[in-house]
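For the sequence shown, the positions run 1 to 180 when this note's numbering is used. Yeah, the Cβ is synthetic: ideal placement off N, Cα and C, and Gly gets one too. Source: prediction; values computed, not measured. Take a look at the structure set out below.
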Amino acid sequence: VCPESADHPVKLICKIAQQCADLYRTDFERECLDAALEINVADAWTLMQYGDHYKRVGEYDAAINCLNQAKDLGDERIALSAIADVYAQMGDYSRAIEKYRSIPNAVEDVRIRTAIADNLRREGRFAEASKEYKVLLGGDTQVDRALAGLAEIARREGHLKDAQHTYERILTSLGDLKGR
């Protein structure tokens, strides 16, 4: 089958696979992804989705393999970020941080910087994580996530009042957003 003519059925099958994942039917999700790859073994999106599937079911080596294949097909930034997510899921936070930092222009991407800060926090590198979260607070996006990271650091360091105040600040800002 010609890859161009396979695009539509592959996309439909991948959409069904995503619905299966949303319903926690990983068995049917895998069948759909297998069918999509039978149609086009070189579909980067299917490989990305399969990598995510493998991550969720704990098959980390298979996840990284699929994501590396997708990266080689041209989805480098997304694939590297997904590989970093796999390492974070495995609890290998240093390797996740290393992979996030290897993404081209990572410093300019708020989502990647937030993921790095989250993994620094998970690894117990609170000073570095706090510094990163505070840089993120200077922007307009990811503020609540950065504040939540700082609150979690305060909680883990035993500064419960500070953590409580920060969580209350987040809840207040969320309430303000609802009122708009």
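1. Going along the chain, which residues of its own chain have a beta-carbon closer than 8 Å to the beta-carbon of Y93, five neighbours each way excluded?
2. Have a look at L37 and R25 and give me their C-alpha separation to the nearest angstrom.
3. Measure the alpha-carbon distance for T114 versus P104 and round it to whole angstroms.
4. Suppose you measure from the CA of L147 to the CA of I97; what does that come to, to the nearest Å?
5. Alpha carbons only, please: which of L23, S81, R111 and I16 is nearest the one belonging to M48?
6. Are A84 and Y100 close, meaning C-beta to C-beta below 8 Å?
7. In terms of residue numbering, what span does the alpha helix (DSSP H) encompassing R183 cover?
8. Please say whether M90 and Y60 have beta carbons closer to each other than 8 Å?
9. Please work out which residues of its chain come closer than 8 Å, Cβ to Cβ, to D109, disregarding the five sequence neighbours upstream and downstream, and give them in chain order.
10. Could you check what DSSP says for G149 in three-state terms: helix, strand or coil?
11. Would you please state the rounded distance, in angstroms, between the beta carbons of A21 and E29? I believe it to be under 8 Å.
12. According to the neighbour-count rule (16 or more other Cβ atoms, all chains shown, within 10 Å of its Cβ), is V107 buried or exposed?
13. With burial defined as no fewer than 16 other Cβ atoms inside 10 Å of the residue's Cβ, what is the status of I13: buried or exposed?
14. Using only alpha-carbon positions, find the residue among L23, V41, W45 and D27 that is nearest to K11.
From the atom records:
1. By 1-based counting over the sequence shown, the position of residue 93 is 93. Within the same chain, and ignoring the five residues on either side of Y93 in sequence, the residues whose Cβ sits closer than 8 Å to its Cβ are Y87, N119, L120, R122 and E123.
2. Within the sequence shown, numbered from 1, the residue matching residue 37 stands at position 37. Within the sequence shown, numbered from 1, the residue matching residue 25 stands at position 25. One C-alpha to the other measures close to 19 Å.
3. Position 114 of the sequence shown, counted from the start, is the residue given in the question as residue 114. Position 104 of the sequence shown, counted from the start, is the residue given in the question as residue 104. Answer to the nearest angstrom: the Cα atoms are 16 Å apart.
4. Taking the first residue of the sequence shown as position 1, residue 147 is located at position 147. Taking the first residue of the sequence shown as position 1, residue 97 is located at position 97. Take the alpha-carbon of L147 and the one of I97: they are about 20 Å apart.
5. Counting from one through the sequence shown, the residue named residue 48 turns up at place 48. Selected option, being the one with the closest Cα: S81.
6. Here residue 84 refers to the residue found at position 84 when the sequence shown is read from its first residue. Here residue 100 refers to the residue found at position 100 when the sequence shown is read from its first residue. Their beta carbons are under 8 Å apart, which means A84 touches Y100 by this criterion.
7. This structure gives no information on residue 183, because the portion of the chain shown stretches from 1 to 180.
8. The count along the sequence shown starts at 1 and reaches residue 60 at position 60. The count along the sequence shown starts at 1 and reaches residue 90 at position 90. Contact: yes.
9. For this step, residue 109 is matched to residue 109 along the sequence shown. Closer than 8 Å at the Cβ level, and outside the excluded window around D109, lie I103.
10. Position 149 of the sequence shown, counted from the start, is the residue given in the question as residue 149. For G149, the three-state secondary structure derived from DSSP is helix.
11. Position 21 of the sequence shown, counting from 1, holds the residue named residue 21. Position 29 of the sequence shown, counting from 1, holds the residue named residue 29. The beta-carbon distance between A21 and E29, rounded to whole angstroms, is 5 Å. This is short enough to meet the 8 Å contact definition.
12. Against the sequence shown, residue 107 aligns to sequence position 107. Burial is judged here by how many other beta carbons sit within 10 angstroms of a residue's own beta carbon; V107 has fewer than 16 and is exposed.
13. Stepping through the sequence shown from its first residue, residue 13 is reached at position 13. With 16 or more other CB atoms across the displayed protein chains lying within 10 angstroms of its CB, I13 is buried.
14. For the purposes of this step, residue 11 is identified with residue 11 of the sequence shown, where counting begins at 1. Checked all of L23, V41, W45 and D27; the closest Cα to K11 is W45.
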